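In the working numbering, the protein residues as written are 30 to 204.
Note that beta-carbon positions come from the ideal geometry of N, C-alpha and C, so glycine has one too.
Predicted model, so just to flag it, every value in this text is computed and none were measured.
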Amino acid sequence: MARRASKAAGAAAVSAAGGGQKLIWAQGLACGTLVALVPGIALLLGVLLAPALVALALDQEAGKPVARSVFLCALAGGVGPVRALWAAGHGVDTALVLLTGLGPVGLAWAAAACGWLAAEVLPLGLRLMLEGLARARLARLRAAQDRYREEWGAGASTTDAVKHRPAGDGPAGAG
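Written out as structure tokens, the structure reads:
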């Protein structure tokens, strides 16, 4: 029984690895088809999404969060030039004209830089904000604790209150 389970697990691992290779092959086929059918758009997208390709190569984290952020922002910045190319007949000459202007490339690369900045700085900013909120709550709780000590007396503590509690008070089984 244990052998069958281990064989099934091994087969699943092999098929999962093969599934990844099939996906890479399918992506390569789709990119090759894009280059063959509409080379102008492939050229334009290749240049506009170059920062995303670099981020994809450099991002070593699981799920590639930085690369995804850079890709989405660069893609958003490249929508205008792709629409302009499509409206102009999607030729390579029009793509080269669009790429020689600083506007489309600069906008897409600046958007990619914003995506990288958001992916790198946003977690740090959130952490600082959460730490600040935790410190503020701690200060409020300490102030309330001091207020309770003043009301109940300086010698009262949590352990004293539990020790001297009558048997019927509090949670079941306490005292």
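DSSP state of residue i mapped onto helix, strand, coil
i, result
"D175", "helix"
"Q89", "coil"
"G132", "helix"
"A117", "coil"
"G107", "coil"
"G182", "coil"
Same chain, Cβ closer than 7 Å to residue i, neighbours up to 5 away in sequence not counted
i, result
"V76", "L128, V134"
"A140", "C102, A103, A105, G106"
"W54", "none"
6 Å Cβ shell around residue i - same chain, five flanking residues per side excluded
i, result
"L11", "No statement about residue 11 is possible, as the shown extent of the chain runs from 30 to 204 and does not include it."
"A86", "none"
Residues near residue i by beta carbon distance below 8 Å, same chain, minus five either side
i, result
"V67", "H119"
"P94", "D88, A148"
Residue environment, residue i, which counts as buried when at least 16 other CB atoms sit within 10 Å
i, result
"I70", "buried"
"A96", "buried"
"A91", "exposed"
"W138", "buried"
"V111", "buried"
"V99", "buried"
For residue i, the first and last residue of its enclosing alpha helix (DSSP H)
i, result
"L73", "68–77"
Original post:
Quick one: any contact between the region 98–112 and the region 140–152, if contact means 3 or more CB pairs under 8 Å?
Top reply: yes
Original post:
Quick one: any contact between the region 111–122 and the region 150–162, if contact means 3 or more CB pairs under 8 Å?
Top reply: Touching, no.
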